[in-house]
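Novice: Anchor point for the sequence shown: position 143 equals 143 in UniProt numbering, and the numbering is continuous, going up by one each time.
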Amino acid sequence: MVVLSGSSRLVFLLLALLVALASAFVPRQPSKGVSLVSRQVAGTKIPHDIRIVFDDEDEEDNDTEEEEDSGDARKRRRARWEQLDPKYRQYLMEKGQQRAIANKKKREPVMDKKRKLMMFVKEQQRNKKKAARITRPVQPQDRRPLADIPIGSEQTGVVISLTNFGAYVDIGTDCDGLLHVSQLSTDVFVEHPRQILTPGQEITVRVRSTSPERKKMHLTMLPEEVLEQEKRDNPQDRIPLTEIQLDDELWGELKRVTDFGAYVEVGAVVDGWCHFMDHPSWDGTAHPSQFMKRGDRVRVWVADVDRTQKRLKLTANRPKHLPGPKRELY
């Protein structure tokens, strides 16, 4: 029997304590069945209706690396997989396929991603155009020649498309007629045709002019009296802008009221523009339509003349630097 001295006993106890601490901090290898499940469902929320019927907590972990690579180890793993609930096996396979697809997309080159994105955008554009395509009411063989359409006649047509400057309407002729944005309404100012028209809408229009040689036709929705007035007007009788000077006093008639003012017919080659803030009836809050009505006669003064762009700016407030009485409303 070996008798240890005091110092030897102390060293022996320290070594035993170190061995115990080292064995306590070494992680225990989990069993194969549990590791299989943990790898499949890590970070995944399992549905409530799935029940796992595989548990090998009591199995001793005595398999070595050689056994894992052998056929017996593969058979055991296969048997454990077959012990799982069928729903859970299907769930694991679907999640694995989703991860594989996501990883493939991550490894995809940037140029391939851009190409697929461009193809997707073009496909969406084609579908949008196809959905916006309007069915024409008249077949090509049943269409009338443009020369047979009398000017001034009323026709029923279908709006085919809208643009920033007007709408194209099919009335059953060789070509679509252009309905300009200025020919839509006399009561309100139309900034874009979509404020009044929609593709596929059936409307009644009047033919303004036709050109069978150039395959062009102009339409209008304005009242007939407005068109008659345009026919009676002689461009030679209108005042050229070269004869209009700053601060000239003119009488005019409101032709069209907008959200920002009104166009005034003063007998010039172009209509003048009067802003709503330049009207004496504006109280600071009222809308122009409340104190500016189509057909009203007003007295205006020339505020600016742009002969290059053919624009005429007017004001209904008498300029303060002019002599004479203040402006009176009639």
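Ideal Cβ placement from N, Cα and C applies to all residues, glycine included.
Excluding the 5 residues preceding and the 5 following Asn-164 in the sequence, name in chain order all residues of the same chain whose CB lies nearer than 7 Å to its CB.
Specialist: On the sequence shown, position 164 is the one that residue 164 refers to. Hits under 7 Å: His-192.
Novice: I need the straight-line Cα distance from Pro-280 to Val-266, nearest angstrom please.
Specialist: Walking along the sequence shown from the start, residue 280 turns up at place 280. Walking along the sequence shown from the start, residue 266 turns up at place 266. Each residue's alpha carbon lies about 18 Å from the other.
Novice: Roughly how many angstroms lie between the CA atoms of Val-37 and Leu-84, to the nearest whole one?
Specialist: As a position in the sequence shown, residue 37 is number 37, starting the count at 1. As a position in the sequence shown, residue 84 is number 84, starting the count at 1. Residue placement at Val-37 is poorly supported in this model, since its pLDDT is 43, which falls under 50; the coordinates still yield a value, given next. Those two C-alpha atoms are separated by around 9 Å.
Novice: Which residues mark the beginning and the end of the alpha helix (DSSP H) in which Trp-81 is found?
Specialist: If you number the sequence shown from 1, residue 81 lands on position 81. 71-83 is the span of the alpha helix (DSSP H), which, as asked, contains Trp-81.
Novice: For the alpha helix (DSSP H) that contains Glu-123, what are its first and last residues?
Specialist: Position 123 of the sequence shown, counted from the first residue, corresponds to residue 123. Its alpha helix (DSSP H) spans residues 110-132.
Novice: Quick check on the burial criterion: 16 or more other C-beta atoms within 10 angstroms. Buried or exposed for Phe-120?
Specialist: The residue labelled residue 120 in the question sits at position 120 within the sequence shown. By the 10 Å Cβ count, Phe-120 comes out exposed.
Novice: What is the DSSP secondary structure of Asp-304, reduced to helix, strand or coil?
Specialist: Translated into positions along the sequence shown, residue 304 becomes position 304. Reduced to three states, the DSSP call for Asp-304 is strand.
Novice: Please determine if the stretch 299-316 and the stretch 269-287 are in contact, where contact requires at least 3 C-beta pairs separated by less than 8 Å.
Specialist: Verdict: yes, contact present.
Novice: Can you tell which of Leu-13, His-321, Lys-104, Asp-283 has its C-alpha closest to the C-alpha of Asp-247?
Specialist: Numbered from its first residue, the sequence shown carries residue 247 at position 247. Closest option to Asp-247, Cα to Cα, is His-321.
Novice: Just to confirm, is the Cβ distance from Pro-212 to Leu-146 under 8 Å?
Specialist: To locate residue 212, count along the sequence shown from 1; it is residue 212. To locate residue 146, count along the sequence shown from 1; it is residue 146. In contact: Pro-212 and Leu-146 (Cβ atoms closer than 8 Å).
Novice: Ordered along the chain, which non-local residues of its own chain (more than five positions away) have a Cβ less than 6 Å from that of Asp-58?
Specialist: Taking the first residue of the sequence shown as 1, we reach residue 58 at position 58. Residue confidence for Asp-58 is low, a pLDDT of 43 falling below 50, so the modelled location carries little weight and cannot support an answer.
Novice: Quick one: what's Arg-299 bridged to in DSSP?
Specialist: Position 299 of the sequence shown holds residue 299. For Arg-299, which the question treats as bridged, DSSP gives the partners Trp-251.
Novice: What is the DSSP secondary structure of Glu-191, counted as helix, strand or coil?
Specialist: Here residue 191 refers to the residue found at position 191 of the sequence shown. Note: Glu-191 maps to coil in three-state DSSP.
Novice: I'd like the list of long-range same chain contacts for Ala-167, defined as Cβ closer than 6 Å, with 5 residues on each side in sequence excluded.
Specialist: To locate residue 167, count along the sequence shown from 1; it is residue 167. If we look at Ala-167 and ignore the five residues flanking it on each side, its Cβ neighbours are Val-159, Leu-179, Pro-193, Leu-197.
Novice: Tell me the rounded alpha-carbon separation between Asp-170 and His-218.
Specialist: The count along the sequence shown starts at 1 and reaches residue 170 at position 170. The count along the sequence shown starts at 1 and reaches residue 218 at position 218. Their Cα atoms are separated by approximately 11 Å.
Novice: So the candidates are Val-270, Gly-252, Pro-240, Phe-291; which of them puts its Cα closest to the Cα of Phe-260?
Specialist: Working through the sequence shown from its first residue, we reach residue 260 at position 260. Of the candidates Val-270, Gly-252, Pro-240, Phe-291, the one whose C-alpha sits nearest the C-alpha of Phe-260 is Phe-291.
Novice: Who are Ile-149's beta bridge partners in DSSP?
Specialist: Here residue 149 refers to the residue found at position 149 of the sequence shown. Ile-149 pairs with nothing; no bridge assigned.
Novice: Applying the 10 Å Cβ sphere with the 16-neighbour rule, what's the burial state of Pro-152?
Specialist: Taking the sequence shown and counting its residues from 1, the one referred to as residue 152 is at position 152. Sequence inspection shows Gly at residue 152; the Pro mentioned does not correspond to that position. Gly-152 is exposed by the Cβ-count criterion.
Novice: Beta carbon of Thr-135, beta carbon of Gln-183: below 8 Å?
Specialist: In the sequence shown, the residue the question calls residue 135 occupies position 135. In the sequence shown, the residue the question calls residue 183 occupies position 183. No. Outside cutoff.
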